[in-house]
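Chains as they are written, first to last, in the numbering used here: chain A, 31 to 218; chain B, 82 to 428; chain C, 2 to 102.
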């Protein structure tokens with residue numbers, strides 16, 4: 031049962047990842063990434079990490095990827111164009127990554143006498159996780175909150191229109207003239 | 082309980098729940114038409130059946146027999162997939178909602194809920210957050226400007242209000258100490274409803290209600306389908322059954338929100354219970370349905386009372402008012418519970 | 002029956018290499034960015050798998066930290082992409098080759 035479910039979710043996962051590479055339109059790639067994330071949540075459930083699985087779906091699939099799709103829709107991104115750079119990258123990159131992947135797999139298979147992982151092995155209780163997160167890992171937790179704050183400020187600054195920065199506008203001289211005219215009119 | 086009995090009971094429960102949900106969806110459309118008509122001093126549907134009660138059936142038949150247009154300029158796969166995505170996630174969200182205590186028929190005792198998970202609330206949040214894809218992709222794949230604007234608005238609005246929605250639920254979790262919806266309800270016995278935990282529970286409820294209205298694209302936050310500016314928003318290019326699927330998705334999301342408000346803030350199925358055993362197990366379901374009905378009515382009432390927001394007002398309200406209020410509420414509630422646990426925790 | 006830890010690690014390795022490959026061969030900034038998210042997901046899976054092997058929760062905590070970093074990264078990165086698109090009007094990385102916005 032464990033093996034069947036593992037292969038099922040793993041198969042969907044790998045298929046989604048490969049589809050991300052094959053598709054030319056960014057929105058299709060984004061959707062295949064959503065599929066990868068959802069099936070990874072299935073893998074987490076298999077391991078017993080139910081809280082991580084739920085957070086994976088809410089944060090990754092439900093928030094981050096929606097943000098990606100929003101950006102793709104906003105910029106109306108079209109199909110990717112093949113260029114010289116992409117050909118060079120494909121020629122050098124594909125074999126290189128293949129070698130790296132085979133190496134990783136080989137090393138892992140060499141040491142495949144690792145202990146077996148049973149289904150629902152993790153104590154995924156949210157209470158225990160919270161205790162760990164807010165006691166033992168309190169400092170890293172606070173540091174990540176600062177990171178989030180900085181990210182919010184960075185995103186706001188970067189995405190705001192350049193015009194929003196205070197700058198003398200082109201209409202300034204004309205406005206001054208009008209003000210002077212009005213003032214002189216009052217005096218008269 | 083053997084695995085076969087478990088499977089049979091689960092299938093029966095799922096079928097019953099989906100049937101009840103779809104009927105509720107159909108009749109909430111009737112309710113909406115009827116109530117809005119009376120608010121405007123009209124009669125609403127009266128022709129089909131007594132009080133127009135068969136109107137949902139007639140609507141369904143009409144949807145099936147309408148011509149199913151697929152415009153030549155759409156991105157076909159996603160265009161067909163997006164209403165299915167929307168409706169599937171909307172219906173799946175009901176799977177962890179409990180409707181009552183347990184019921185005993187003969188030798189079998191079963192909970193009135195498809196499944197009880199100890200992360201139930203998170204499951205509902207996760208599934209509803211996936212529902213955005215249906216709307217966003219419908220807007221994009223229709224390849225028309227009104228649809229695209231509607232999809233953009235919907236995704237931005239849903240991401241923004243999801244944050245305040247999540248934060249407004251955390252005080253409830255602090256009071257209950259569990260993610261399981263059944264346990265959250267059981268902690269609210271003897272009228273210790275979370276809504277009455279003044280001010281934190283009350284404030285959390287109103288923040289939740291406002292952001293849930295924005296999440297379900299209902300007035301006053303129905304910008305993604307604002308008919309006076311975007312024709313029909315993300316479903317402009319949809320007709321017949323595909324349009325009906327978006328409709329069903331919207332209304333079953335409303336039902337889910339109404340169920341969640343009932344469970345989290347108004348004590349779920351808790352209420353006076355008396356009589357013989359079978360009545361005792363069915364009476365809670367009645368209380369639950371009545372509370373849910375009240376929230377469905379509230380949806381319609383609000384729709385015909387408040388005007389629509391402007392888009393910049395919507396975003397400013399979400400980020401500058403609702404989110405700070407939710408955070409302040411959460412921090413204060415956590416402080417009070419931490420300092421005086423005896424007063425706030427019931428048990 | 003149980004399956005070995007290395008199965009999970011190989012799956013996570015496959016996801017990670019797919020991410021690296023996408024990072025190298027894709028030319029659209031947004032897709033490149035998604036490949037990075039794919040790599041992070043691969044790493045997350047190995048964290049959870051190791052946590053399951055040691056019956057320890059600490060591995061899961063790291064997954065949360067990775068998610069926080071990914072969320073922050075997505076927000077800033079997408080803001081940068083919007084800024085780049087506004088000045089360059091292209092999403093092709095080959096055409097974004099000046100050391101200024």
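Positions of the beta carbon are idealized from the N, C-alpha and C atoms, including for glycine.
Item	Value
So, at 7 Å on beta carbons, what are the nonlocal neighbours of residue 70 of chain A in its own chain, with the 5 sequence-adjacent residues on each side left out?	43, 86
Beta-carbon of residue 349 of chain B versus every beta-carbon of chain A: anything under 8 Å?	no
For residue 196 of chain A, I'd like the list of residues in its chain whose CB is within less than 7 Å of its CB, leaving aside the five on either flank, ordered along the chain.	Any reading at residue 196 of chain A must be qualified, since the residue scores a pLDDT of 49, below 50, and its modelled position is unreliable; the value itself is stated next. Same-chain partners within the cutoff: there are none.
Per DSSP, residue 186 of chain B is paired with what?	B:189
What residues of chain A sit near residue 237 of chain B, judged by a beta carbon separation below 7 Å?	100
Would DSSP call residue 408 of chain B helix, strand or coil?	helix
Measure the beta-carbon distance from residue 350 of chain B to residue 253 of chain B and round it to whole angstroms, keeping in mind my assumption that it falls under 8 Å.	Not confirmed; about 17 Å, so no contact.
Can you pull out the residues from the segment 28-44 of chain C whose beta carbon lies closer than 8 Å to at least one beta carbon of chain A?	28, 29, 31, 32, 34, 35, 36, 38, 39, 42
Just to make sure I have the definition right: I need the residues of chain C whose C-beta is within less than 7 Å of the C-beta of residue 59 of chain A. Which are they?	32, 35
Taking its Cβ as the centre, do 16 or more other Cβ atoms sit within 10 Å of residue 323 of chain B, making it buried, or is it exposed?	buried
For the pair the segment 163-177 of chain B and the segment 320-337 of chain B, tell me if three or more CB-CB distances fall below 8 Å.	yes
Within 8 Å of any Cβ in chain C, is that where the Cβ of residue 167 of chain A sits?	yes
Is residue 172 of chain A close to chain C? Criterion is C-beta to C-beta, closer than 8 Å.	no
Checking contacts by CB at 8 Å: is residue 160 of chain A closer than that to chain C?	no
In three-state DSSP terms, what is residue 4 of chain C?	strand
Are the Cβ atoms of residue 188 of chain A and residue 77 of chain C separated by less than 8 Å?	yes
Determine the contact status of residue 220 of chain B and residue 212 of chain B, defining contact as a CB-CB distance below 8 Å.	no
If you measure between the beta carbons of residue 406 of chain B and residue 288 of chain B, is that distance less than 8 Å?	yes
Please classify residue 74 of chain A: is it buried, with 16 or more other beta-carbons within 10 angstroms of its beta-carbon, or exposed?	buried
What is the C-beta distance between residue 86 of chain B and residue 189 of chain B, in whole angstroms, given that I count them as a contact (C-beta under 8 Å)?	7 Å
By a C-beta neighbour count over all protein chains shown, 10 Å radius and 16 as the cutoff for buried, is residue 183 of chain B buried or exposed?	exposed
Report buried or exposed for residue 353 of chain B, applying the criterion of at least 16 other Cβ atoms within 10 angstroms of its Cβ.	exposed
Would you kindly work out how many angstroms separate the C-alpha atoms of residue 294 of chain B and residue 400 of chain B, rounded to a whole number?	15 Å
List the residues of chain C whose Cβ lies closer than 8 Å to the Cβ of residue 178 of chain A, in chain order.	69, 72, 73
Relative to the C-alpha of residue 144 of chain B, which residue among B:327, B:364, B:419 is closest?	B:327
Cβ closer than 7 Å: which chain A residues qualify as neighbours of residue 260 of chain B?	156
If I measure Cβ to Cβ from residue 414 of chain B and keep anything under 7 Å in the same chain, skipping five residues before and after, which residues do I get?	252, 255, 281
Check residue 49 of chain A in the structure and name its three-state DSSP category.	helix
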